[in-house]
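So the protein lines, in turn, are chains A and B.
What the first sequence shows, in the working numbering, is residues 109 to 381, in sequence order.
What the second sequence shows, in the working numbering, is residues 1301 to 1494, in sequence order.
For reference, the structure is listed below as structure tokens.
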Amino acid sequence: MQSWLDHPAVQAGGVPLLVALAVAAALSRTRWAWLGIVAGYAAMIAMSSGFSFSPLTASRKVMLVGLLAPVLGIIADLALKPARWPALALSAVAGVLTVWVFVSVLQQREGMAAYGAAAGVALFVAALVYATLRQRDDGLRTGAAGLGLGLAAGIVGVLSASIGYLLAGISIAAAAGALLLVQVVASRSIAAGFTGALPVGLLTALFATGTLLLAELRWYVLPLLVLIPLATTLPAPERARSIARAAVLAAYALVAAAIPILAAWYAARGSLS
Amino acid sequence: MSKRLALLLLAAVPCAAVATDSYTLDPYHTFPTFTVDHLGVSTIFGRFNKTSGKFTIDRAAKTGAVEIAVETATVDTGDADKGSRPRSRDEHLRSADFFNAAEFPKMTFKSTSVFFSADNPSTIDGNLTLLGVTKPLKLTLERFKCNPASGTSKERCGGNATGKIKRSDFGMKTGLPAVGDDIALNIEFEGLKD
Chain A
109 MQSWLDHPAV
119 QAGGVPLLVA
129 LAVAAALSRT
139 RWAWLGIVAG
149 YAAMIAMSSG
159 FSFSPLTASR
169 KVMLVGLLAP
179 VLGIIADLAL
189 KPARWPALAL
199 SAVAGVLTVW
209 VFVSVLQQRE
219 GMAAYGAAAG
229 VALFVAALVY
239 ATLRQRDDGL
249 RTGAAGLGLG
259 LAAGIVGVLS
269 ASIGYLLAGI
279 SIAAAAGALL
289 LVQVVASRSI
299 AAGFTGALPV
309 GLLTALFATG
319 TLLLAELRWY
329 VLPLLVLIPL
339 ATTLPAPERA
349 RSIARAAVLA
359 AYALVAAAIP
369 ILAAWYAARG
379 SLS
Chain B
1301 MSKRLALLLL
1311 AAVPCAAVAT
1321 DSYTLDPYHT
1331 FPTFTVDHLG
1341 VSTIFGRFNK
1351 TSGKFTIDRA
1361 AKTGAVEIAV
1371 ETATVDTGDA
1381 DKGSRPRSRD
1391 EHLRSADFFN
1401 AAEFPKMTFK
1411 STSVFFSADN
1421 PSTIDGNLTL
1431 LGVTKPLKLT
1441 LERFKCNPAS
1451 GTSKERCGGN
1461 ATGKIKRSDF
1471 GMKTGLPAVG
1481 DDIALNIEFE
1491 GLKD
């Protein structure tokens, strides 16, 4: 039993999927169903590395920010009127947070290299978060983006010498898959709001940034990840049944996810370095 | 008489001050090495290729001190060429899954006490700091010998020290239990007298 629970596929895929399904199903009549994303992620942490915040390394800051992101999302959903500026503001906050998360790594670099790297990762995270937040009112689009982003972040992680970020990315993909499933079964879209879209975008962006700064990911893979939430904004049959819409949107996301995965694979093989 | 005693004491002070001998680690002859179990069937051997530090010995007072800094990015388990694989083992060891060399470029050992057996140090109590976590570590000196200075060569002291840690104590949990938790350390070292 223990060896089964120690298996990465169970820790990153099976258990987060089941936990996210349970939370989403229980809260399916509200947008708090999207707390299933952070619940799935937390389940993966509990089964793999455990919750520890001391010392507060960059990876632990990613975990902390990820666990707190839904709280920020809930506050934004309850307190802010629907408009464009909250998404822009939260994206900017995400960019600044990224520098705080990885400051211990960035400060190892000298001079302009440190500032350049800080600006680059902040811009990437802000862009990815904004691209995800833009579709927060459509639960199927957010779910598909989460599926693609999680898979891409996880696979580029393992291709770049990081099993930790493989598990993290796959847990987000599994949880997003659970949210898609709940919406398909309920035959309706459950708007993600900031509560769901912010953790999806922010976590996967931080995983990819961590893989860049702490493992062997090449920098040019990062902007390719932004293609995934852009792809899920493509037209989907709006009057079709939920299962058809979900399938089309998931297909967009997976095709877009193949691009950064292929880039990371070629880089790992030395073909593009 | 008291003047003579005072003069003798004054003369003795510089002698006491130089009773502590200080040595700088020779980076070309100092290598911390480790072994770890793999899947319960074999042992992986590794070492760090860049180390710096100093140690001091006061044989009269039977005290001493050690400070070592090891560059984690120089970890070497003989697998640096990834070939057709996405990554080599050494690349993985440098990542955040293990030594996290980008965030913690050094691990350090600082002694708190040095114990002597006859005229030579035999055990060293100290603290190992790895991945930002500091835990006590006891090192046993299996061998310690000094070659006196000759010609243009300085006095050289060296030997090897062994110890054991659990990597999970420092937050390094990736791969457990397939890759063992118990790490056996062996530090071969040489130092030149300052």
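All C-beta atoms, glycine included, are put in the ideal place defined by N, C-alpha and C.
Being a predicted model, the structure only gives us computed values, none of them experimental.
Spatial neighbours of Ala1396 of chain B in its own chain (CB-CB distance under 8 Å, excluding positions within 5 residues in sequence) are listed in chain order as Ala1402, Glu1403.
When Cβ pairs closer than 8 Å are counted between the two stretches, the region 261 to 274 of chain A is seen not to touch the region 337 to 344 of chain A, the count staying below three.
Here Gly1463 of chain B is bridged, per DSSP, to B:Leu1485.
Interface criterion not met: the Cβ of Val1375 of chain B is under 8 Å from no Cβ in chain A.
It is roughly 44 Å from the alpha-carbon of Leu289 of chain A to the alpha-carbon of Gln216 of chain A. Counting along the chain, His1392 of chain B sits inside the alpha helix (DSSP H) bounded by residues 1389 to 1394. Within the same chain, Cβ atoms closer than 7 Å to the Cβ of Ala230 of chain A are found at Gly203, Val204, Thr206, Val207, the five residues on either side in sequence being excluded. Contact annotation: Val170 of chain A and Gly318 of chain A have beta-carbon atoms nearer than 8 Å. The region 237 to 254 of chain A makes contact with the region 183 to 198 of chain A: 3 or more CB pairs, one atom from each, lie closer than 8 Å.
The beta-carbon distance between Leu311 of chain A and Ala281 of chain A, rounded to whole angstroms, is 11 Å. This is too long to meet the 8 Å contact definition. Taking the beta carbon of Leu332 of chain A as reference, no residue of chain B falls within 8 Å; the closest one sits roughly 17 Å away. Here Ala226 of chain A has Val207, Leu214 as same chain residues with Cβ atoms under 6 Å from its own Cβ, once five neighbours each way along the sequence are excluded. Contact between Val1375 of chain B and Asp1390 of chain B holds: CB atoms are separated by about 6 Å, below the 8 Å threshold. According to the DSSP assignment, Pro1332 of chain B belongs to the beta strand (DSSP E) that extends over 1331 to 1338. When the beta-carbon positions are compared, Ala1461 of chain B and Lys1406 of chain B stay at least 8 Å from each other.
Of the candidates A:Arg249, A:Ala166, A:Tyr223, A:Ala313, A:Arg249 places its Cα closest to the Cα of Ala299 of chain A.
With a threshold of 8 Å between beta carbons, Pro116 of chain A makes no contact with chain B.
Shown here for His1329 of chain B: same chain residues with a beta carbon closer than 6 Å to its own, the five before and five after excluded, namely Glu1490 in chain order.
Taking a C-beta distance under 8 Å as the contact criterion, Lys1493 of chain B and Asp1482 of chain B do not qualify as a contact pair. A Cβ-Cβ distance of about 6 Å is found for the pair Gly256 of chain A and Ala364 of chain A, placing them in contact under the 8 Å criterion.
For Val1433 of chain B, at least one C-beta of chain A is nearer than 8 Å to its own C-beta.
If you look at Lys169 of chain A, you'll find it in the alpha helix (DSSP H) that goes 166 to 187. The region 1349 to 1383 of chain B contains, as complete beta strand (DSSP E) runs of 3+ residues, the segments 1351 to 1358, 1363 to 1371 (chain order). Within chain B, no residue has its CB atom less than 9 Å from the CB of Gly122 of chain A, the nearest being about 19 Å off.
With contacts defined as CB atoms closer than 8 Å, Gly254 of chain A and Ser297 of chain A fail to qualify as a contacting pair. Sequence-distant partners of Gly121 of chain A (beyond 5 residues in either direction) whose C-beta falls short of 6 Å from its own C-beta, in its chain, are Ile278, Ala282. In this structure, Gly148 of chain A sits near Val127 of chain A, with a CB-CB distance shorter than 8 Å. A straight line joining the alpha-carbon of Asp1321 of chain B with that of Val1336 of chain B spans about 35 Å.
Following the DSSP letters along the chain, one finds Val334 of chain A in no beta strand (DSSP E), marked with neither H nor E. Interface annotation for the region 1386 to 1400 of chain B against chain A: Pro1386, Arg1387, Glu1391, His1392, Ser1395, Ala1396, Asp1397, Asn1400, criterion Cβ-Cβ distance under 7 Å. By the rule that beta-carbons nearer than 8 Å mark a contact, Glu1490 of chain B does not touch chain A. Runs of the alpha helix (DSSP H) spanning 4 or more residues and lying entirely within the region 273 to 360 of chain A occur at 301 to 322, 329 to 333, 335 to 339, in chain order. Within the region 154 to 168 of chain A, the residues whose Cβ lies closer than 7 Å to any Cβ of chain B are, in chain order, Ser157, Ser160, Pro163, Thr165, Ala166, Ser167. Counting only residues of its own chain and dropping the five nearest sequence neighbours on each side, Asn1420 of chain B has a CB closer than 6 Å to the CB of Phe1444.
Taking a C-beta distance under 8 Å as the contact criterion, Phe1470 of chain B and Lys1435 of chain B qualify as a contact pair.
At the C-beta level, Pro1327 of chain B and Phe1348 of chain B stay beyond 8 Å of one another.
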